[in-house]
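Novice:
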Amino acid sequence: MKAKEYLFQLRNLKAKAQNVEEKINALETTMMSAGAIRYDKVNVQVTPEDPLVNNIVHLANLKERLSNLQTTYLELYVEIMYRLNNLDSIQLKKDILYLRYVEGMPFWKIAQEMNYDQKYITNLHGIALKEFTEQWLS
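Residue 117 in the numbering used here is what sits at position 121 of the sequence shown, and the numbering runs on without skipping anything.
This is the structure in structure tokens:
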């Protein structure tokens, strides 16, 4: 695995967790806004499945998935931070990798925040990725 792929895993996990959180919120909203039960009508069930039970089971599965994603994210975050902090490189390169892959910043913003030219940041990024790969992934 290349350094870029390895480091991008963190952002991908975060995006997946946010997606699952959105699904949980939408399902909870749907469940809370369900119509009132009419007790004056005879309820004839034509299928053995209860939509409320199905929603509860689905919600529990989503929450378990979210918990697993969050655990995986935290484990990977700790691993990446350890590797970045112990990378045999100058602090500027470590900061570029951190801002790019942990914070998710685009190159132009990294360059702006660090007061460097974007091309210089991009070049250092490439060198930092190579150093990261050589030290941690080979």
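Glycine included, every Cβ here is placed at the ideal spot set by N, Cα and C.
Predicted model, so just to flag it, every value in this text is computed and none were measured.
#1: To the nearest angstrom, how far is the alpha carbon of asparagine 82 from that of phenylalanine 103?
#2: Ordered along the chain, which non-local residues of its own chain (more than five positions away) have a Cβ less than 7 Å from that of glutamine 136?
#3: Between leucine 72 and valine 16, which are expected to be in contact by the criterion C-beta below 8 Å, what is the C-beta distance as a whole number of angstroms?
#4: So, glutamate 127 versus serine 85, is the Cβ gap smaller than 8 Å?
#5: Taking C-beta to C-beta, are leucine 3 and leucine 93 nearer than 8 Å?
Specialist: To lay it out plainly:
#1: Taking the first residue of the sequence shown as position 1, residue 82 is located at position 86. Taking the first residue of the sequence shown as position 1, residue 103 is located at position 107. Going by the C-alpha atoms only, they are around 23 Å apart.
#2: Absent from the structure is residue 136, since the part of the chain shown begins at -3 and ends at 134.
#3: Counted from its first residue, the sequence shown places residue 72 at position 76. Counted from its first residue, the sequence shown places residue 16 at position 20. Going by Cβ atoms, the distance from leucine 72 to valine 16 rounds to 16 Å, so no, they are not a contact pair.
#4: Reading the sequence shown from its first residue, position 131 is the one you call residue 127. Reading the sequence shown from its first residue, position 89 is the one you call residue 85. Yes, the pair counts as a contact, with Cβ atoms nearer than the cut-off.
#5: Taking the sequence shown and counting its residues from 1, the one referred to as residue 3 is at position 7. Taking the sequence shown and counting its residues from 1, the one referred to as residue 93 is at position 97. Going by C-beta atoms, leucine 3 is nearer than 8 Å to leucine 93.
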